[in-house]
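Since the structure comes first, as structure tokens, the remarks are kept for the end.
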Amino acid sequence: MSESYRLIRLERHGALAEIVLNNPGSLNAMQPLFFAELAQAFAAVTDDDTVSVVLIWAEGRVFSVGLDLKEAMGLIPELGASASTAARNRALYRIIRDFQACFTAVRRCRKPVIAAIHGMCLGGGLDLASACDIRLAAADAMLAIQETKMAMVADLGTLQRIGRLCGSGFVREMAFTGSMIGAQRAQAVGLVNEVFSDRIALMEAARRMAGVIAANSSLAVQGVKQVLDHADDHSEEEGLEYVAQWNTNFFLSRDLNEALQAFRDKREPRFSGD
4 MSESYRLIRL
14 ERHGALAEIV
24 LNNPGSLNAM
34 QPLFFAELAQ
44 AFAAVTDDDT
54 VSVVLIWAEG
64 RVFSVGLDLK
74 EAMGLIPELG
84 ASASTAARNR
94 ALYRIIRDFQ
104 ACFTAVRRCR
114 KPVIAAIHGM
124 CLGGGLDLAS
134 ACDIRLAAAD
144 AMLAIQETKM
154 AMVADLGTLQ
164 RIGRLCGSGF
174 VREMAFTGSM
184 IGAQRAQAVG
194 LVNEVFSDRI
204 ALMEAARRMA
214 GVIAANSSLA
224 VQGVKQVLDH
234 ADDHSEEEGL
244 EYVAQWNTNF
254 FLSRDLNEAL
264 QAFRDKREPR
274 FSGD
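The following block contains the structure:
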């Protein structure tokens with residue numbers, strides 16, 4: 004089942020939801036409407052208990068060239084020459100925070116989110132990919148924190164997230180230089196999980212991985228994601244306390260009983276998410 008938006012598509016295939024960047028004529032440049040539609044799509048899949056995993060990919064030659072600056076600036080009539088400094092600053096701050104909230108919704112989705120990246124993944128495209136749980140790439144993928152070359156500071160999450168994934172030195176190199184890196188180097192530093200020969204192989208692998216995840220107990224998978232997300236901002240001891248409390252609340256589930264019964268019956272379990 005496919006749900007139509009202007010700049011994205013939301014497709015549901017059983018437990019898999021696919022969110023597709025669908026503005027290939029503009030190289031999937033991120034217009035203001037894109038952010039609104041992406042937030043709506045993620046609200047829908049987060050609230051849909053039939054969805055266990057989300058896959059993000061893009062139509063066309065590239066994943067995304069990032070923010071459409073011309074369209075974004077059109078949101079700010081206060082940036083005219085006659086506007087006060089306070090009015091300009093207030094308008095720009097509001098837009099930045101609204102765009103940030105969109106990618107934060109991706110990061111906070113209760114379900115695992117996989118990004119399948121091909122071609123250029125620049126600026127906002129990398130912000131989006133870095134908000135996902137898993138990043139897979141085709142061999143032609145090129146990634147960059149390109150805002151620096153536009154006299155801007157990346158502000159939608161890349162600087163905060165890539166340092167955690169790959170270390171401070173790597174994100175500083177990417178951000179200070181604005182240079183593109185290829186898929187192989189991105190894999191070597193942990194920015195992408197795996198690289199595939201071409202886009203066809205990438206999509207096959209991404210959907211296969213999504214299927215493996217969806218076959219597991221959604222209760223357990225979402226619990227794992229919550230525990231890992233909590234660990235990002237807490238000490239090891241606090242993380243152990245959190246997972247102890249989580250399992251205390253959810254360990255004795257129907258899915259656990261089903262897993263044990265399936266083991267005894269020598270069959271694959273059929274989980275319900277309860």
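Using our numbering, read the sequence shown as starting at 4 and increasing by one per residue.
For every residue, glycine included, the Cβ atom is placed at its ideal position computed from N, Cα and C.
Query: Relative to the alpha-carbon of Ala-157, which residue among Leu-146, Cys-105, Ala-178, Gly-63 has its alpha-carbon at the smallest distance?; Result: Ala-178
Query: Identify which residue in Leu-243, Ala-213, Ala-39, Asn-196 has its Cα closest to the Cα of Cys-105.; Result: Ala-39
Query: Determine the extent of the alpha helix (DSSP H) in which Ile-59 is found, giving its start and end residues.; Result: Unbroken run through Ile-59 is the beta strand (DSSP E), 56 to 61; no alpha helix (DSSP H).
Query: Asp-258: buried (16+ other C-beta within 10 angstroms of its C-beta) or exposed?; Result: buried
Query: Can you tell me the Cα-Cα spacing of Glu-207 and Cys-112, whole angstroms?; Result: 23 Å
Query: Helix or strand or just coil, what does DSSP make of Leu-13?; Result: strand
Query: Can you give me the C-alpha to C-alpha distance between Gln-190 and Trp-249, rounded to a whole angstrom?; Result: 32 Å
Query: Is the number of C-beta pairs between the region 23 to 33 and the region 61 to 70 that are closer than 8 Å three or more?; Result: yes
Query: Assuming Arg-93 is part of the alpha helix (DSSP H), what are its boundary residues?; Result: 88 to 110
Query: Kindly give me the distance between the Cβ atoms of Ala-209 and Ala-144, rounded to whole angstroms, as I take these residues to be in contact under 8 Å.; Result: About 13 Å separates the two Cβ atoms, so there is no contact after all.
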